[in-house]
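Colleague: As numbered in my numbering, residues 901 to 1220 make up the sequence shown, in order.
Just so you know, even glycine gets a beta-carbon here, dropped at the ideal spot from N, CA and C.
Quick caveat, the model's predicted, so the values are computed rather than measured.
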Amino acid sequence: MIFFLFLIFLFSSLLLYIKIAPHYNIIDKPNIRSSHKHFTIRGGGIIFPISVLIYAAYSGFEFPYFIIGLFLISTVSFLDDLYTISNRVRLTIHLISVLLLFFQVGLFDFPFWVILIALIFIIGIINAYNFMDGINGITALYSLAIIGSLYLINKFITFFIDSEYFIVIGASLLSFGFFNVRKKAKVFAGDVGSVSMAFVISFLLITLMIKTHSIVWILLLSIYGIDTVITILFRIIRRENIFKAHCSHFYQFLVNEKKFNHIIISSTYSLLQILINLCIAYAYINHITFLPLILLFILIIFYLAIRFSFEGWFKLAKRY
């Protein structure tokens, strides 16, 4: 019942947002790095944190520090969609939000090196999610793949959080997807959508890792991780500034240069991640500890082979 109530509320809220956003110039204008050619409303991903915040209020704020962190990081990201927020302010809020998340899950009880690795891990997830949010459908479909996987893990393998959180987040993704998973999107997630969703997923993953005492669950994000890390490595080879905006991700090459349909690429990334997640769950249940490493190695080799076959070493090594 709660799913349908949230679905109706979030769908109606997003429809209203689409109506009023143009009056406040909340519009994404295509530029040389864009994978779209039309003016499109941005910031629609604001319904992701809104759904979690509303449910948190309804359920009695079970995770107050996480909720505060989500509110802070979503607010600064939405303001960044509207205006230009300085990197210092934005990164400071990101750091505060992540530290609040750590306090919520009890990570400060762990050794310092664990906290440092976790900080790098979550900042990496947030940036990867933001980098990968560049074509229609990818944030909605990929996030549904992750949230659906976590829901099944929570239900059938190990319980680590109230299942209704997944239902509420799923409702927000479906509502957003209705307007975004199409040839010509009516709305983009914006920084507020990609960053807040990355923050929520980070919280769920860290909670799961602590509950199971296993880091294998990091591979639930392996497709995004491999694309992001290898793209960064190629940019370093080309001696580019890795902190500067770019359009050299593999999915961007497929869409911009090979003219693949956005939804086909988004669906492929998401389906591959679902298959990987099933393998990870199988390995965990059956205590096959070496399988995730073998799978990761195969994925990297497969990704490099496909990328070299499409782009070639010369294109990957030269400056864009």
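Looking at LEU1044 and LEU1000, is the spacing between their C-beta atoms short of 7 Å?
Modeller: If you number the sequence shown from 1, residue 1000 lands on position 100. If you number the sequence shown from 1, residue 1044 lands on position 144. In this structure, LEU1044 does not lie closer than 7 Å to LEU1000 by Cβ.
Colleague: Please return the same chain residues whose Cβ sits closer than 6 Å to the Cβ of VAL1068, not counting the five positions on each side in sequence.
Modeller: What you label residue 1068 is simply residue 168 of the sequence shown in a count that begins at 1. PHE906, SER951, TYR955.
Colleague: List in chain order: all unbroken beta strand (DSSP E) runs of 3+ residues lying wholly within the region 1164-1189.
Modeller: none
Colleague: By the 10 Å Cβ neighbour count, where 16 or more other Cβ atoms means buried, how is SER959 classified, buried or exposed?
Modeller: For the purposes of this step, residue 959 is taken as residue 59 along the sequence shown, with counting starting at 1. In the assembly as shown, SER959 is an exposed residue. Its beta-carbon has fewer than 16 other beta-carbons within 10 Å.
Colleague: What residue from PHE1066, ILE1198, ILE1165, PHE1088 has the CA that sits closest to GLY945's CA?
Modeller: Along the sequence shown, read from residue 1 onward, the residue named residue 945 stands at position 45. Residue PHE1088 is the option with its Cα nearest to GLY945.
Colleague: Going by DSSP, which residues form a beta bridge with ASP1237?
Modeller: There is simply no residue 1237 to check, as the chain begins at 901 and stops at 1220 in what is shown.
Colleague: Considering just the uninterrupted stretch of the alpha helix (DSSP H) at ILE1130, what are its terminal residues?
Modeller: Sequence index remark: in the sequence shown, residue 1130 carries index 230 (1-based). From DSSP, the alpha helix (DSSP H) with ILE1130 extends over 1122-1137.
Colleague: Based on the DSSP output, what are the partners of VAL1087 in its beta bridges?
Modeller: In the sequence shown, residue 1087 corresponds to position 187, counting from 1. ILE941, per the DSSP bridge assignment.
Colleague: Would you mind giving the Cβ-Cβ distance between ILE1038 and TYR1151, rounded to the nearest angstrom? I have them listed as a contact below 8 Å.
Modeller: Here residue 1038 refers to the residue found at position 138 of the sequence shown. Here residue 1151 refers to the residue found at position 251 of the sequence shown. Contact flag correct, Cβ pair sits at about 7 Å.
Colleague: Suppose you measure from the CA of LEU1191 to the CA of ILE1198; what does that come to, to the nearest Å?
Modeller: The count along the sequence shown starts at 1 and reaches residue 1191 at position 291. The count along the sequence shown starts at 1 and reaches residue 1198 at position 298. For LEU1191 and ILE1198, the distance between alpha carbons rounds to 10 Å.
Colleague: Cβ of VAL1081 within 7 Å of Cβ of ALA1018?
Modeller: Locating residue 1081 in the sequence shown gives position 181, counting from the first residue. Locating residue 1018 in the sequence shown gives position 118, counting from the first residue. Their beta carbons are not under 7 Å apart, which means VAL1081 does not touch ALA1018 by this criterion.
Colleague: Tell me which residue opens and which closes the alpha helix (DSSP H) that PRO949 is part of.
Modeller: The residue given as residue 949 occupies position 49 in the sequence shown. According to the DSSP assignment, PRO949 belongs to the alpha helix (DSSP H) that extends over 947-959.
Colleague: Have a look at SER1075 and LEU914 and give me their C-alpha separation to the nearest angstrom.
Modeller: For the purposes of this step, residue 1075 is identified with residue 175 of the sequence shown, where counting begins at 1. For the purposes of this step, residue 914 is identified with residue 14 of the sequence shown, where counting begins at 1. Using only the alpha carbons, I get a separation of about 8 Å.
Colleague: Are the CB atoms of TRP1117 and LEU1105 nearer to each other than 7 Å?
Modeller: Counted from its first residue, the sequence shown places residue 1117 at position 217. Counted from its first residue, the sequence shown places residue 1105 at position 205. Contact flag set, yes.
Colleague: Per DSSP, what kind of secondary structure is ARG1082 in: helix, strand or coil?
Modeller: On the sequence shown, position 182 is the one that residue 1082 refers to. It is coil, neither helix nor strand.
Colleague: Does the region 1199-1207 touch the region 1121-1133, meaning 3 or more C-beta pairs lie closer than 8 Å?
Modeller: yes
Colleague: When we look at the beta-carbon of THR984 and count the other beta-carbons within 10 Å, is it buried (16 or more) or exposed?
Modeller: Residue numbering aside, residue 984 sits at position 84 when the sequence shown is read from its first letter. The residue in question, THR984, is exposed, as its Cβ has fewer than 16 Cβ neighbours within 10 Å.
Colleague: Using a 10 Å radius around the Cβ and a threshold of 16 neighbouring Cβ atoms, would you call LEU1133 buried or exposed?
Modeller: As a working mapping, residue 1133 is identified with position 233 in the sequence shown. Result: exposed.
Colleague: Does the Cβ-Cβ distance between ALA949 and LEU970 come in under 7 Å?
Modeller: For the purposes of this step, residue 949 is taken as the residue at position 49 of the sequence shown. For the purposes of this step, residue 970 is taken as the residue at position 70 of the sequence shown. One point to set straight first is that residue 949 is Pro, not Ala, in the sequence displayed. Cβ atoms of PRO949 and LEU970: closer than 7 Å.
Colleague: Measure the Cβ-Cβ separation of ILE1110 and VAL1005 and say whether it is below 7 Å.
Modeller: On the sequence shown, residue 1110 is found 210 positions in, with the first residue counted as 1. On the sequence shown, residue 1005 is found 105 positions in, with the first residue counted as 1. Taking 7 Å as the Cβ cut-off, ILE1110 and VAL1005 qualify as a contacting pair.
Colleague: I need the DSSP call for PRO1192, collapsed to helix, strand or coil.
Modeller: Sequence index remark: in the sequence shown, residue 1192 carries index 292 (1-based). Helix, per DSSP.
Colleague: Could you confirm whether any beta carbon from chain D is found closer than 7 Å to the beta carbon of PHE1134?
Modeller: Here chain D cannot be found, since the structure has a single protein chain.
Colleague: Under 8 Å, with one C-beta from each stretch per pair, do the region 1044-1056 and the region 1134-1147 reach the 3-pair mark?
Modeller: no
Colleague: From what residue to what residue does the alpha helix (DSSP H) around ALA1018 run?
Modeller: Within the sequence shown, numbered from 1, the residue matching residue 1018 stands at position 118. Taken as a continuous stretch (DSSP letters only), the alpha helix (DSSP H) holding ALA1018 covers 1012-1032.
Colleague: Specify the secondary structure class of THR984 as computed by DSSP and reduced to three states.
Modeller: Indexing the sequence shown from 1 puts residue 984 at position 84. It is coil, neither helix nor strand.
Colleague: Considering only their Cβ atoms, is the gap separating TYR1042 from SER1170 smaller than 7 Å?
Modeller: Residue mapping note: residue 1170 aligns to position 270 of the sequence shown, counting from 1. Residue mapping note: residue 1042 aligns to position 142 of the sequence shown, counting from 1. Cβ atoms of SER1170 and TYR1042: closer than 7 Å.
Colleague: With a Cβ-Cβ cutoff of 7 Å, do LEU910 and ILE947 count as a contact?
Modeller: The residue you call residue 910 lines up with position 10 of the sequence shown. The residue you call residue 947 lines up with position 47 of the sequence shown. Taking 7 Å as the Cβ cut-off, LEU910 and ILE947 qualify as a contacting pair.
Colleague: Take PHE1002 as the anchor and find which of VAL976, LYS929, PHE1099 has the nearest alpha-carbon.
Modeller: Working through the sequence shown from its first residue, we reach residue 1002 at position 102. When only C-alpha atoms are compared, the closest one is PHE1099.
Colleague: If you draw a straight line from the alpha carbon of PHE1153 to that of PHE961, how long is it in whole angstroms?
Modeller: On the sequence shown, residue 1153 is found 253 positions in, with the first residue counted as 1. On the sequence shown, residue 961 is found 61 positions in, with the first residue counted as 1. For the pair PHE1153 and PHE961, the Cα-to-Cα distance works out to about 43 Å.
Colleague: Taking DSSP as the reference, what is the three-state secondary structure of ASP1009?
Modeller: By one-based count along the sequence shown, residue 1009 stands at place 109. ASP1009: helix per DSSP, three-state reduction.
Colleague: Just checking VAL1092 against the ligand FMN - is the residue's beta carbon closer than 6 Å to any of the ligand's heavy atoms?
Modeller: Although the ligand FMN was asked about, the structure shown includes no ligands whatsoever.
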